[in-house]
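Step one of this worksheet: look at the structure below.
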Amino acid sequence: MTTHSSNSYSIDPQAAHKFYINGQWVSPVIPASLSVVNPANEAVVAQVALGSAEDVDRAVAAARAAFAGWSTSSVASRARVLGKIYELILERKEALAQALSLEMGAAISFSRTMQVPLAAEHVRVARDLLSSYRFQTVEDGTAIEREPIGVCGLITPWNWPLYQITAKVAPAIAAGCTVVLKPSELSPLSALLFAQLVHDAGLPPGVFNLVNGNGSEVGAAMAAHPDIDMISITGSNRAGALVAQAAAPTVKRVTQELGGKSPNLLLPDADFGKAVPLGVMSAFRNVGQSCSAPTRMIVPKSRLAEVESLAAATANAIIVGDPTSEDTVLGPIANAAQFNRVQAMIEVGLAEGAKLVCGGPGRVQGFEKGFYTRPTVFSEVDSAMRIAQEEIFGPVLCIIPYETLDEAIAIANDTVYGLGAHVQAQDLDLARAVASRIRAGQVHLNYPAWNPMAPFGGYKRSGNGREYGVFGFEEYLETKAIIGLGALSEPPSRT
Ligand code: NAD
Numbered sequence: 000m001t002t003h004s005s006n007s008y009s010i011d012p013q014a015a016h017k018f019y020i021n022g023q024w025v026s027p028v029i030p031a032s033l034s035v036v037n038p039a040n041e042a043v044v045a046q047v048a049l050g051s052a053e054d055v056d057r058a059v060a061a062a063r064a065a066f067a068g069w070s071t072s073s074v075a076s077r078a079r080v081l082g083k084i085y086e087l088i089l090e091r092k093e094a095l096a097q098a099l100s101l102e103m104g105a106a107i108s109f110s111r112t113m114q115v116p117l118a119a120e121h122v123r124v125a126r127d128l129l130s131s132y133r134f135q136t137v138e139d140g141t142a143i144e145r146e147p148i149g150v151c152g153l154i155t156p157w158n159w160p161l162y163q164i165t166a167k168v169a170p171a172i173a174a175g176c177t178v179v180l181k182p183s184e185l186s187p188l189s190a191l192l193f194a195q196l197v198h199d200a201g202l203p204p205g206v207f208n209l210v211n212g213n214g215s216e217v218g219a220a221m222a223a224h225p226d227i228d229m230i231s232i233t234g235s236n237r238a239g240a241l242v243a244q245a246a247a248p249t250v251k252r253v254t255q256e257l258g259g260k261s262p263n264l265l266l267p268d269a270d271f272g273k274a275v276p277l278g279v280m281s282a283f284r285n286v287g288q289s290c291s292a293p294t295r296m297i298v299p300k301s302r303l304a305e306v307e308s309l310a311a312a313t314a315n316a317i318i319v320g321d322p323t324s325e326d327t328v329l330g331p332i333a334n335a336a337q338f339n340r341v342q343a344m345i346e347v348g349l350a351e352g353a354k355l356v357c358g359g360p361g362r363v364q365g366f367e368k369g370f371y372t373r374p375t376v377f378s379e380v381d382s383a384m385r386i387a388q389e390e391i392f393g394p395v396l397c398i399i400p401y402e403t404l405d406e407a408i409a410i411a412n413d414t415v416y417g418l419g420a421h422v423q424a425q426d427l428d429l430a431r432a433v434a435s436r437i438r439a440g441q442v443h444l445n446y447p448a449w450n451p452m453a454p455f456g457g458y459k460r461s462g463n464g465r466e467y468g469v470f471g472f473e474e475y476l477e478t479k480a481i482i483g484l485g486a487l488s489e490p491p492s493r494t
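Here you go:
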């Protein structure tokens, strides 16, 4: 129902009014729709069907019916379909990139080089690990079997829409689970293209189902559903907690990838000329709308003036503008609610007495419409300030000074979050020792390349569970021990 070509974005308006359930495009049980707004100009660009609990029931029934066949399908056949999905993402990469830029404002160059290729990587990784993963092992006469957990409800956010979808869908279906996906209601277009692509890849009906809708209705119905075995949500702490509460009576597995306020600790021996500009660009990547963005730069007090000047020069040089322009580095913030929240937090920083190094409130000059936000750097930030404690989810960096290493580490750990962290240093032994003392799921030393195999997830209130690679894959598996096999030492093969 969706149409595509290698160089244009297009969704059949009829398909946008439908959900993908049991291998078919179907109308919502109760007719309703929601508007998709282009954050670059605030124009409505599409109407998409809005689901209800009844649509969730239909999708879950389809996923449940498909589970028996898919969970016992051969690993090789699952790898083949994942390989086809991977190929189709690459083949349709331009259409996907255009949809992403339209629905959430990512600069087109960023959609092309990051949002789409990294999303494809999750599919490739899931395909590849099937060739070596051991679903059955035997030790001391006990067989350990890893089996798909069942029907999975997957709830995703708007900031990396396709990437978050593939990070969940690919390992789930690789594991032999069947899924119901609810993408963010604010970015449903790339998800519709993804559903079409999954269909074209030949995934059997019912293995993948998509229902669009609000969190409070469709998401909540999924979390509470008695026939869903596991819920995986990426989103705010508010939604993550609500999902866990709604899921509790049915004792389903809940994994949560939630907020962050990641520290970037510059040790005195770091190369500041590189570490500061790269730190600013990392914090502002995707317009600061990344849960693991390193938004707290923790620097030696004696180097504060130097850091401020390097940070200002970097931030002031960033081209913020129309996401369709090839030169644009940062497009607008993805939606009105997020824009208003970021503006309010910039005002909070000023009211708290932080030193404004560059940027500030208001739209980028020259724009009267669109959620264009000025890259903003605050310095002399105290760790107790709200701007240092709360996730802002926009291009706002806090520079926090320290005097001793112990103080720096204490500041790094001084939020309710524990998702990502960065350490910059030339002495790698010291950087490694500092990394061990940071309470976070990932610590990056000197801005390494992205590793899709490295487990990703949060300590503390940043979430529960891990995504990516083998760790992410195993979230979708149950563990069974078969005890009393006696001398049987080799498990039956299951390929
Ligand atoms: P959000 O919580 O508003 O929405 C996320 C998803 O949850 C959406 O699909 C939404 O419809 C759904 N949802 C909302 N309320 C729900 C409810 N009561 N029951 C079930 N589902 C519900 O978050 P957002 O604004 O889309 O995304 C931004 C947030 O996501 C930020 O806080 C960010 O840090 C977090 N995030 C975390 C990660 C991570 O991997 N840790 C990645 C990206 C974003």
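For the sequence shown, counting from 1, position 362 maps to 361 in numbering that gives the first Met the number 0; every step adds exactly one. C-beta: ideal position from N, C-alpha, C; glycine also.
Assigned secondary structure, residue i (DSSP; H/G/I helix, E/B strand, else coil)
i      : result
Ile482 : strand
Val415 : coil
Pro374 : coil
Tyr132 : coil
Asn40  : coil
Ala314 : helix
Gly214 : helix
His421 : strand
Ala200 : coil
Asn6   : With a pLDDT of 43 at Asn6, under the threshold of 50, the modelled position of this residue cannot be trusted; read the value that follows with caution. If DSSP states are grouped into helix, strand and coil, Asn6 belongs with coil.
Arg362 : strand
Ala45  : strand
Arg284 : helix
His443 : strand
Thr1   : For Thr1, the predicted structure reports a pLDDT of 44, less than 50, and the residue's modelled location is therefore unreliable. The matter cannot be settled from this model.
Proximity winner among the options, relative to residue i (alpha-carbon distances)
i      : options                        : result
Ala409 : Ile437, Trp24, Ala118, Ala94   : Ile437
Arg111 : Leu161, Lys92, Ala173          : Lys92
Trp573 : Ile143, Val150, Phe271, Gly365 : Lying before the first or after the last residue shown, residue 573 is absent from the chain, which here runs from 0 to 494.
Gln114 : Val306, Ser289, Ala274, Ala238 : Ser289
Gln497 : Asp270, Ile230, Ala142, Leu101 : Past the edges of the chain, shown from 0 to 494, lies residue 497, and the structure says nothing about it.
Gln23  : Phe207, Glu120, Asn285         : Phe207
Ile482 : Val137, Ile318, Ala243, Ile227 : Val137
Pro454 : Tyr467, Leu180, His443         : Tyr467
Val47  : Ala65, Phe66, Glu90, Ser26     : Ser26
Val35  : Leu95, Glu102, Leu87           : Glu102
Through-space distance from residue j to residue i, alpha-carbon basis
i      : j      : result
Ser215 : Glu406 : 41 Å
Gly50  : Val210 : 6 Å
Leu33  : Val253 : 28 Å
Leu128 : Glu390 : 34 Å
Glu146 : Arg133 : 11 Å
Ala240 : Ala424 : 36 Å
Arg126 : Ala343 : 43 Å
Arg63  : Val178 : 9 Å
Val74  : Ala282 : 40 Å
Leu499 : Arg465 : There is no way to answer for residue 499, as the model of the chain reaches only from 0 to 494.
Ser108 : Val279 : 19 Å
Arg373 : Arg302 : 25 Å
Tyr19  : Ala194 : 7 Å
Thr71  : Lys479 : 15 Å
Ser131 : Leu196 : 26 Å
Gly218 : Leu429 : 44 Å
Thr249 : Thr165 : 26 Å
Ala119 : Ala247 : 33 Å
Met296 : Trp449 : 20 Å
Gly258 : Leu329 : 21 Å
Pro225 : Ala245 : 11 Å
Val422 : Glu351 : 27 Å
Residue i at chain B interface by Cβ criterion, 9 Å
i     : result
Pro30 : Here chain B cannot be found, since the structure has a single protein chain.
Residue i beta carbon near the ligand ATP (any heavy atom closer than 8 Å)
i      : result
Cys290 : With respect to small molecules bound, the structure shown includes the ligand NAD and not the ligand ATP.
CB of residue i within 9 Å of CB of residue j, strictly
i      : j      : result
Ala353 : Asp326 : no
Asn445 : Ala292 : no
Ile232 : Tyr475 : no
Gly152 : Val59  : yes
Arg362 : Tyr371 : yes
Asp56  : Ala220 : yes
Leu188 : Ala31  : no
Glu401 : Val306 : Per the sequence shown, residue 401 should be read as Tyr rather than Glu. No; because the gap between Cβ atoms is not below 9 Å, this pair is not in contact.
Tyr85  : Arg123 : yes
Ser183 : Leu99  : no
Gly457 : Ala439 : yes
Sufficient close CB pairs (3 or more, under 8 Å) joining the region 388-397 to the region 256-275
yes
Hey, is the region 411-420 in contact with the region 333-341, meaning 3+ C-beta pairs nearer than 8 Å?
no
Stretch-stretch touch, CB-based, cutoff 8 Å, three pairs: the region 349-360 with the region 310-320:
yes
Flag this pair as touching only if the region 78-85 and the region 192-203 have three or more C-beta atom pairs under 8 Å; answer yes or no.
yes
Decide if the region 165-182 is in contact with the region 452-472; the criterion is three or more beta carbon pairs, one per stretch, under 8 Å apart.
The answer is yes - the region 452-472 touches the region 165-182, with three or more Cβ pairs under 8 Å.
Under 8 Å, with one C-beta from each stretch per pair, do the region 173-184 and the region 316-325 reach the 3-pair mark?
no
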